[in-house]
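Engineer: If you read the sequence shown in this note's numbering, its first letter stands for residue 11, the second for the next number, and so on.
Below is one structure. I have some questions about it.
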Amino acid sequence: MTDTIIMRGAYAITDPRLGAAGVIPAGAVVIIDGIVKQAGRFAEIASKYPGADIIGDGTQLLMPGLVDAHSHGRGLSPIQKGVRNDFLENALFDWAYMPILPPELTAAVCALRHLRSGCTLLHHNGFDDDGAEGARRAHLAIRTYLSTGIRLAFSPGVRDESKLAMGGEEFIETLPPDLKAEASPFVFFDKALADSYFRLFDELYEAYNNAETRILLAPCWAHGASEAFLRRVRAKADERGGVMIHMHLLQSPVQKAYGLRRHGKPTVFWLDDQGFCHQPSELQLPHAQWHHTGHAVARRWGQCRDGP
Ligand SMILES: [Zn+2]
């Protein structure tokens with residue numbers, strides 16, 4: 011038996027690219043078995059589908075669901091968890107002590123808030139999802155999101171460099187000898203975590219990736235990834251037939267300066283050398299602020315710009 015729904019509104023926005031022509035006064039959309047089949051004026055459509063469930067009384071604004079392409083799925087913002095807003099590099103210290111709430115709670119709150127504001131698809135971009143605890147939290151969060159009905163992209167995230175300070179080797183050399191050993195675990199990652207990251211990605215991809223739900227790859231940020239790690243990310247994306255890669259980039263003047271010093275060129279060009287910027291459809295760079303017109307990457311991508 012088919013499941014037919016008619017959604018109606020005072021105005022139905024069907025396609026923002028059409029401008030005013032995409033807005034239908036007293037409009038409606040027909041959805042059959044989850045697929046949008048027709049849009050038009052409610053008075054003309056309703057009689058064609060006599061048994062349909064009708065949602066809306068004609069006074070609402072009807073519009074396509076919004077997409078949040080970048081959320082960290084915390085449910086609450088760092089400010090709501092007691093952490094002041096600050097420059098990124100200062101904030102890293104505070105984030106390290108931010109309370110970590112249960113994933114079934116944060117995912118549920120996150121989904122609820124998105125749905126309430128008209129967003130029907132969200133991308134949860136994780137951070138430091140390594141090890142057994144990272145896997146446990148990822149599974150619980152995904153199952154919670156899916157139970158709410160929201161559409162989901164989920165990217166487990168991990169870094170293998172720049173845990174606390176960019177250029178960790180140089181930083182550690184500035185410390186007195188007795189502090190070096192004590193500080194080392196806070197500054198350097200256990201490189202073996204990269205193995206557990208790819209195991210987790212494969213596990214999540216096998217379990218959840220389908221036409222409705224996407225599992226993406228996410229080196230947390232370009233300034234915290236070694237070339238060896240990025241090569242593995244690139245290879246894994248190709249192995250799975252072109253998985254989207256999501257990677258923070260150029261969020262602060264410090265990151266910009268660090269990239270120039272480390273690579274002798276802008277970090278975007280270095281990423282291009284690693285085979286990451288060939289297709290805009292393969293890579294998302296959240297938070298990135300980059301303005302350049304002369305380089306081949308810029309010609310392929312146009313300007314790369316995202317919000318803070
Ligand atoms: Zn972010």
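Every residue gets a Cβ at the ideal spot worked out from N, C-alpha and C, and that includes glycine.
As the structure is a computational prediction, the values presented were derived from the model and not from experiment.
Can you list the residues near ligand 1, meaning Cβ strictly closer than 7 Å to any non-hydrogen atom, in the order they appear in the chain?
Structural biologist: That gives His80, His82, Asn135, His258, Pro296, His297.
Engineer: Considering just the uninterrupted stretch of the alpha helix (DSSP H) at His80, what are its terminal residues?
Structural biologist: Unbroken run through His80 is the beta strand (DSSP E), 76 to 81; no alpha helix (DSSP H).
Engineer: Quick check on DSSP: helix, strand or coil for Ser236?
Structural biologist: Note: Ser236 maps to coil in three-state DSSP.
Engineer: How many whole angstroms separate the CB atoms of Ile15 and Asp63, which I take to be in contact at a CB cut-off of 8 Å?
Structural biologist: At roughly 5 Å, the Cβ-Cβ gap stays under 8 Å, so Ile15 and Asp63 are in contact.
Engineer: How many whole angstroms separate the CB atoms of Leu102 and Leu156, which I take to be in contact at a CB cut-off of 8 Å?
Structural biologist: No, Leu102 and Leu156 are not in contact; Cβ-Cβ is about 31 Å, not under 8 Å.
Engineer: If we call anything under 8 Å between Cβ atoms a contact, is Met254 one with Gln294?
Structural biologist: Going by C-beta atoms, Met254 is nearer than 8 Å to Gln294.
Engineer: Quick one: complete beta strand (DSSP E) runs, 3+ long, within the segment 149 to 180?
Structural biologist: Qualifying beta strand (DSSP E) stretches, in chain order: 161 to 165.
Engineer: Is DSSP giving Gln313 helix, strand or coil here?
Structural biologist: Residue placement at Gln313 is poorly supported in this model, since its pLDDT is 46, which falls under 50; the coordinates still yield a value, given next. Here Gln313 sits in coil by DSSP.
Engineer: Is Val307 helix, strand or coil when you go by DSSP?
Structural biologist: Reduced to three states, the DSSP call for Val307 is helix.
Engineer: Can Ile182 and Ser194 be called in contact, C-beta distance under 8 Å?
Structural biologist: In contact: Ile182 and Ser194 (Cβ atoms closer than 8 Å).
Engineer: Could you tell me the boundaries of the alpha helix (DSSP H) in which Asp188 lies?
Structural biologist: Element bounds for Asp188: 187 to 197.
Engineer: Should the segment 158 to 171 be regarded as contacting the segment 125 to 144, the criterion being three or more beta carbon pairs within less than 8 Å?
Structural biologist: The segment 158 to 171 vs the segment 125 to 144: in contact.
Engineer: DSSP three-state label for Pro60, please.
Structural biologist: The answer is coil: DSSP assigns Pro60 none of H, G, I, E or B.
Engineer: From this set, Gly141, Glu54, Tyr207, which residue's C-alpha is nearest Pro35's C-alpha?
Structural biologist: Answer by Cα proximity: Glu54.
Engineer: Whose C-alpha, out of Trp105, His256, Ala204, Ser291, is nearest the C-alpha of Trp231?
Structural biologist: Residue His256 is the option with its Cα nearest to Trp231.
Engineer: When the Cβ atoms of the segment 133 to 151 are set against those of the segment 185 to 192, are three or more pairs found closer than 8 Å?
Structural biologist: No, because fewer than three Cβ pairs between the segment 133 to 151 and the segment 185 to 192 fall closer than 8 Å, the two stretches do not touch.
Engineer: Let me check one thing: in DSSP terms, what residues is Met17 bridge-paired to?
Structural biologist: Beta-bridge pairing links Met17 to Val39, Ile65.
Engineer: Any heavy atom of ligand 3 closer than 7 Å to the Cβ of Ala193?
Structural biologist: Absent from the structure shown: ligand 3. Ligands present: ligand 1.
Engineer: When you compare only the Cα positions, how much space is there between Gly32 and Ala221?
Structural biologist: So the two alpha carbons sit approximately 27 Å from each other.
Engineer: Which one or two residues does DSSP pair with Gln294 in a beta bridge?
Structural biologist: DSSP lists His256 as partners of Gln294.
Engineer: So, under 8 Å CB-CB, Ala106 and Gly83 are touching, yes? Tell me the CB distance rounded to an integer number of Å.
Structural biologist: Not really, about 18 Å apart at Cβ, beyond 8 Å.
Engineer: Where does Gln90 land, buried or exposed, given buried means 16+ other C-beta within 10 angstroms?
Structural biologist: Result: exposed.
Engineer: Taking only the alpha-carbon atoms, compute the straight-line gap between His80 and Asn135 and give it to the nearest angstrom.
Structural biologist: For His80 and Asn135, the distance between alpha carbons rounds to 6 Å.
Engineer: Express the C-alpha separation of Ser165 and Leu226 in angstroms, rounding to a whole number.
Structural biologist: Approximately 5 Å between the Cα atoms of the pair.
Engineer: When we look at the beta-carbon of Ala245 and count the other beta-carbons within 10 Å, is it buried (16 or more) or exposed?
Structural biologist: By the 10 Å Cβ count, Ala245 comes out exposed.
Engineer: Quick one: measure Cβ to Cβ for Thr277 and His233, integer angstroms, because I've assumed they're closer than 8 Å.
Structural biologist: Right, the Cβ-Cβ distance comes to about 7 Å (below 8 Å), so this counts as a contact.
Engineer: How about Gly37 and Ala56: do their beta carbons lie closer than 8 Å?
Structural biologist: Their beta carbons are not under 8 Å apart, which means Gly37 does not touch Ala56 by this criterion.
Engineer: Check whether the Cβ atoms of Ala267 and Arg242 lie closer than 8 Å to each other.
Structural biologist: In this structure, Arg242 does not lie closer than 8 Å to Ala267 by Cβ.
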